[in-house]
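Note sheet for the following structure.
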Amino acid sequence: MKVVLLPRWAPDSVTIDYNRSKIFDEVLKLLPRSQTRAAWLPKRLGEQTFAGAIWMSHNGKWPDFCPDVSSCFFVASERCAAVFREHAGDDVEIFPIKVQSPAKLRPRPPYFLVNIHRLVDCVNVSASVLKPSPYWPAPDIWLPSKAITINPKLIPSGVSCFVTKYLSNAFVCGKLAEALLATRPRFAGLKTIATRTETEGKRTAAIAHAVSIYAEATKHLPPKVAPTPVERLTIPESLKAFHASGHDGIFRNVEVLDLERCATNHASLMNWKELKWPETHVPIADDGRGGYFALDPTRMKDGDCPVVYFDHELASVDPKSGAITPNFEHCDDTFAGWLHRVRHGSTGLPRRTRAKGR
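To convert a position in the sequence shown, counted from 1, into this note's numbering, add 920.
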């Protein structure tokens, strides 16, 4: 059986502005998250009409295959979507979507969102040598230290398109894989994956080994810090109103933390012995590499306050004591203003860092 890996990222030749492709935000809000929020899980969406569009820049040709950050769905051209209609059976849902582009190529071809809602546990664990990390992504999403290998015997009969357990990657197989490769889709980045069966005993042992690696690694993590009581944090009315709206806080480039996670991060920063974190400052998001966005309630005005950014690489370090003093950079005068930028695809970073493309 031929198995093909669907790419998580678009090849360089495909110019997609993910920040301006609002449809992706709409779909991600509908998908459930894994227990540790490390990945989106497949789900049947049912009857849906999406208001957002995919934004594609001119690159000479219209691509046939446009992956997104989630493995559960992708955007396909009409001819690529037709292949899935014919061969994917009940494994996918296909929705027509709008396309926005400055390209002058006419006519602009129709595009479709293909949602994969089937989850299959078919990774050959021993051949892929999965190694979970205590830091990232999470115990429920593992990283292969060798090339991904699929156990074809674990793919149910009739299944042709699915997302895998553990790796959270999307695959096509059988006639669908052969038909998709035969169309030679433009800018697809498809990759044929090795298949190999494994005994139940080897698989069980490999999973147990991966779990033991994770358990052992977590023993060496610093003890968890009790979160700061939320009532001790000075929370502006603007942030309270945002959470009261029911939004999950997940945007294209930033995830705004709920109040409990704000309290947990506040406690961690306060307990960082070398760091002189101001007790007043409330972390509301992180940049994924050790930096934090924080509220500065000492400058509260009309129920809102400025958002600042802490970059640990730019902090002042005392050469004798090792004490770290944050050099907060101004992001916006208000949380509402910062949130407006983030809603429209901004990274939320100060203008100094945004000017460098970060």
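Idealized CB from N, CA, C, for every residue including glycine.
Exercise. Per DSSP, which one or two residues make a beta bridge with Y1229?
Worked result: F1213, E1249
Exercise. Is E1157 helix, strand or coil when you go by DSSP?
Worked result: helix
Problem set entry | As assigned by DSSP and simplified to three states, the class of G1277 | Because G1277 sits at a pLDDT of 42, beneath the cut-off of 50, its placement in the model cannot be relied upon, and the point is left open.
Exercise. Residues in its own chain within less than 6 Å of A959 by CB, not counting five upstream and five downstream?
Worked result: I1061, S1088
For this session: Determine the direct distance from the alpha carbon of I943 to that of A971, and round the result to whole angstroms.
Result: 7 Å
Problem set entry | 6 Å CB neighbourhood of D1206 in its chain, flanking five on each side removed | Y1212
Problem set entry | F1004 to C1081 span [Cα, whole Å] | 9 Å
Exercise. If you check the beta carbons only, do K1122 and S1065 fall under 8 Å apart?
Worked result: no
Exercise. Can you pull the DSSP bridge partners for L1039?
Worked result: V1083
For this session: Determine the extent of the alpha helix (DSSP H) in which C1000 is found, giving its start and end residues.
Result: 998 to 1007
Exercise. Excluding five sequence neighbours on each side, which residues of the same chain lie with their C-beta closer than 6 Å to the C-beta of T1273?
Worked result: Note that T1273 has pLDDT 48, beneath the 50 cutoff, so the model's placement of it is unreliable and the number below is only indicative. Result list for T1273: empty, nothing under 6 Å.
Exercise. How about I1036 and V1083: are their beta carbons less than 8 Å apart?
Worked result: yes
Problem set entry | E1013 (DSSP reduced to helix, strand or coil) | strand
Exercise. Comparing alpha-carbon positions, which option in D1216, L1269, K1018, R999 lies nearest A883?
Worked result: In this structure the chain extends from 921 to 1278, so residue 883 is not present and cannot be described.
Exercise. S1210: which of N1044, Y1229, D984, G1242 sits nearest, CA to CA?
Worked result: Reading the sequence as shown, one finds Gly at residue 1210 and not Ser. For the residues N1044, Y1229, D984, G1242, the minimum Cα distance to G1210 belongs to Y1229.
Problem set entry | Of the residues M976, A973, L948, H1007, the one placed nearest S990, counting alpha carbons only | L948
Exercise. Starting from W975 and walking both ways along the beta strand (DSSP E), at which residues does that stretch end?
Worked result: 973 to 975
Exercise. Which residue comes first and which comes last in the beta strand (DSSP E) that contains F985?
Worked result: 985 to 987
Problem set entry | Cβ neighbours of N1247 in the same chain (closer than 7 Å, five flanking residues each side left out) | L1234, A1235, S1236
Exercise. Which of helix, strand or coil does DSSP assign to E1194?
Worked result: coil
Exercise. Looking at C-alpha atoms only, which residue of A1002, C1225, F1171 is the closest neighbour of P1030?
Worked result: A1002
Exercise. Under the rule that 16 or more other beta-carbon atoms within 10 Å means buried, what is T956, buried or exposed?
Worked result: exposed
Exercise. In the DSSP assignment, what residue or residues form a beta bridge with W960?
Worked result: R953
For this session: Enumerate in chain order the residues of its own chain whose CB-to-CB distance from R1261 is below 8 Å, with the five nearest sequence positions on each side excluded.
Result: D1252, G1268
For this session: Measure from the alpha carbon of P962 to the alpha carbon of each residue in R1181, S1158, Y938, K1085, then state which is nearest.
Result: K1085
For this session: Going by CA-CA distance only, name the one from K1095, V1034, A1097 that's closest to G966.
Result: V1034
For this session: Figure out for me which residue from D1224, T1069, I1014, L1153 has the closest Cα to the Cα of M921.
Result: T1069
Exercise. Out of curiosity, what's the CA-to-CA distance linking D1224 and P952?
Worked result: 31 Å
Exercise. Among F985, W1192, N1185, H1129, which has the Cα closest to the Cα of F1032?
Worked result: F985
Problem set entry | Alpha-carbon spacing of A1243 relative to E1180, whole angstroms | 28 Å
Problem set entry | Neighbour-count burial assignment, G1078, 16 or more Cβ in a 10 Å radius | exposed
For this session: Compute the Euclidean distance between the alpha carbons of D945 and W975, then round it to the nearest angstrom.
Result: 13 Å
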